[in-house]
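Below is one structure, written out as structure tokens, with a few remarks after it.
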Amino acid sequence: MSAWGIVVAAGRGERAGLGRNKVFFPVDGRSVLSRCLDALAGAAAFDGLVVVIAEADAAEYHALVAREGENPLVRRVVFGGDCRRRSVYNGLRALPAGVGIVAVHDAARPFVSPEVVQATLDSARAYGSGVICTPVTDTIKRVRPDGAVETLDRAALRAVQTPQAFDCARLLAAHARAEAENWDATDDAALFERMYGSVRLVTAPGAEVNRKLTTKADFDGLRHRAMRVGSGYDVHRLCEGRRLVLCGVDVPHEKGLDGHSDADVAVHALMDALLGALGEGDIGRHFPDSDPAYAGISSMKLLAEVMRLVRGKGFRVVNADVTIVAQRPKLAGYIPRMRENLAAALCTDAVNVKATTTERLGFEGEERGISAQAAALLEEV
Ligand code: CTP
Ligand code: MG
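Residue numbers (my numbering): 39 to 419.
Next up, the structure:
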């Protein structure tokens with residue numbers, strides 16, 4: 039039994055407020071409509087697709103095809119109507135003779151998975167209809183015209199999406215009657231229910247992300263956010279008569295780290311990782327050790343400065359990882375506090391601090407110094 043898809047793209051996308059029909063809007067360089075057609079074709083389940091566009095968008099559609107190419111599965115492009123129901127009806131009437139199963143899908147749902155498509159088609163083949171749905175997670179209330187509020191039983195509710203697949207002849211008959219009697223409906227299942235009593239609901243992997251792009255916020259959520267990675271490395275000499283400060287924690291030891299500030303080598307490596315990710319040089323440039331303002335200063339204060347720069351440039355820290363290389367003292371007991379200090383400063387819990395020895399090799403192993411390495415990932419906010 040042949041299966042065709044009808045992709046309705048003939049709305050105006052008013053709620054998205056993008057100044058044009060939302061389905062032509064690019065998401066990461068490719069329009070919502072092209073992405074939707076790619077996803078349907080990727081299911082490898084259709085013999086052909088009919089795309090329904092608004093007459094007012096004809097020029098825009100041609101420009102889109104010239105720019106992004108036309109999916110080879112698209113066999114017909116027809117104009118829609120003044121409501122979604124009429125757009126679907128126009129698509130149905132453009133199908134070739136003999137189509138067994140038809141799936142209607144919103145162009146505004148570009149994240150549809152092959153499993154979702156397959157589940158609706160399988161159900162339509164077996165039972166005459168297959169409508170993808172998800173359980174409802176919000177509690178839903180009915181508000182009566184007099185303002186009285188009633189709580190519905192959530193366990194009995196389903197949120198319904200597209201694709202909605204049907205026996206083609208039956209859906210066409212339901213649409214013909216809906217047109218003749220001017221039925222009002224926001225989806226095809228509603229027409230089918232009214233004509234034949236009920237529909238078959240299905241779920242499948244991917245249904246939870248098969249959302250309809252409707253509002254501006256839906257599009258904002260898809261905006262590509264730049265990611266920046268940085269690495270840092272620092273070494274300080276161990277000497278008598280200095281404190282040993284690592285990640286803002288005073289670690290009791292017979293020696294401490296020498297330096298202009300408190301010589302917190304781990305925080306220095308971390309700051310260099312953050313500055314590296316921002317493309318902002320290194321700590322020497324921002325906090326020169328020739329500047330008396332930084333003499334003896336807590337490196338955690340400098341880290342707070344670096345974080346102001348991170349935020350000022352429009353980024354947040356996704357995660358950070360710091361390795362301290364020291365033969366002695368044993369650091370394991372201090373690591374939870376070190377991690378907490380950094381997590382608070384970086385405004386994320388995704389901070390890892392670890393320590394290692396070098397099996398007595400090199401300057402760390404000979405206890406002449408301590409080194410630290412860090413990696414940090416930033417994301418545009
Ligand atoms: N649609 C259609 N013809 C219409 C109205 C809607 O083909 N006359 C399509 C839309 O292009 C969309 C799908 O039906 O892919 C779901 O509708 P909706 O999300 O409401 O989209 P719009 O109607 O375009 O948006 P809005 O209601 O915010 O104007
Ligand atoms: Mg609409």
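Where is the CB? At the ideal position from N, CA and C, for every residue including glycine.
| Item | Value |
| --- | --- |
| What separation, rounded to the nearest whole angstrom, lies between the Cα atoms of T200 and R147? | 8 angstroms |
| Along the chain, where does the alpha helix (DSSP H) that runs through I440 open and close? | The displayed coordinates of the chain run from 39 to 419. Any statement about residue 440 would go beyond what the structure contains. |
| Enumerate, from N- to C-terminal direction, the unbroken beta strand (DSSP E) stretches of 3 or more residues contained entirely within the stretch 177-241. | 179-181, 187-189 and 196-205 |
| Compute every distance between the C-beta of R377 and the non-hydrogen atoms of the ligand MG, then say whether any falls below 7 angstroms. | no |
| For K254, is the classification buried or exposed, using 16 other Cβ atoms within 10 angstroms of its Cβ as the cut-off for buried? | exposed |
| State the Cα-Cα distance for the pair L260 and G67, rounded to the nearest angstrom. | 12 angstroms |
| Can you list, in chain order, the residues of its chain whose CB lies under 6 angstroms from that of E188, leaving out five sequence neighbours each side? | R180 |
| Which residue wins for smallest C-alpha separation from A132, given the options E318, G118 and E108? | G118 |
| Please confirm whether D310 and S337 have their CB atoms less than 8 angstroms apart. | no |
| With a threshold of 16 other CB atoms inside 10 Å of the CB of N220, please say whether the residue is buried or exposed. | exposed |
| Go ahead and label V289 buried or exposed: buried means 16 or more other beta carbons lie within 10 angstroms of its beta carbon, across all protein chains shown. | buried |
| Can you list, in chain order, the residues of its chain with a C-beta nearer than 6 angstroms to that of R263? Leave out the 5 residues immediately preceding and following it. | E417 and E418 |
| Following the continuous alpha helix (DSSP H) through M345, name the residue where it begins and the one where it ends. | S337 to G350 |
| Cβ atoms of D359 and A412: under 8 angstroms apart, would you say? | yes |
| Looking at T252 and the ligand CTP, is the gap between the Cβ and the nearest heavy atom below 7 angstroms? | yes |
| Is it buried or exposed for L190, if we count other Cβ within 10 angstroms and need 16 for buried? | exposed |
| How far does the beta strand (DSSP E) with K392 in it extend, from its first residue to its last? | V389 to T394 |
| What three-state label does DSSP hand E292 in the structure shown? | coil |
| N128 by DSSP, collapsed to three states: which one? | helix |
| Is the beta carbon of L159 sitting closer than 8 angstroms to the one on A41? | yes |
| Just list the residues that DSSP pairs N357 with in beta bridges. | L415 |
| Can you confirm whether the stretch 41-50 touches the stretch 82-90 when touching is taken to mean that 3 or more C-beta pairs between the two stretches lie within less than 8 angstroms? | yes |
| Answer yes or no: the CB of G129 versus the heavy atoms of the ligand MG, is any distance below 7 angstroms? | no |
| Taking only heavy atoms of the ligand MG into account, decide whether any of them is closer than 7 angstroms to the Cβ of G49. | yes |
| Looking at C-alpha atoms only, which residue of F149, D144, L415 and I91 is the closest neighbour of L313? | L415 |
| Would you check if there are 3 or more beta carbon pairs closer than 8 angstroms linking the stretch 69-78 to the stretch 139-153? | yes |
| Which first and last residues belong to the alpha helix (DSSP H) in which R73 is found? | V70 to G80 |
| How would you call D302, buried or exposed, if buried means at least 16 neighbouring beta carbons within 10 angstroms? | buried |
| Find out if the Cβ-Cβ distance for the pair L455, L341 is shorter than 8 angstroms. | It is not possible to answer for residue 455, since the shown part of the chain is limited to 39 through 419. |
| Can you tell me whether S125 sits near the ligand CTP, meaning its C-beta is under 7 angstroms from at least one heavy atom of the ligand? | yes |
| Within its chain, find whatever has a CB closer than 6 angstroms to the CB of A245; leave out the 5 residues flanking it on each side and keep chain order. | V154, I170 and T172 |
| Using CA coordinates, which residue listed in A194, G138, R163 and G185 is at the minimum distance from D176? | A194 |
| List the DSSP bridge partners of M265. | E417 |
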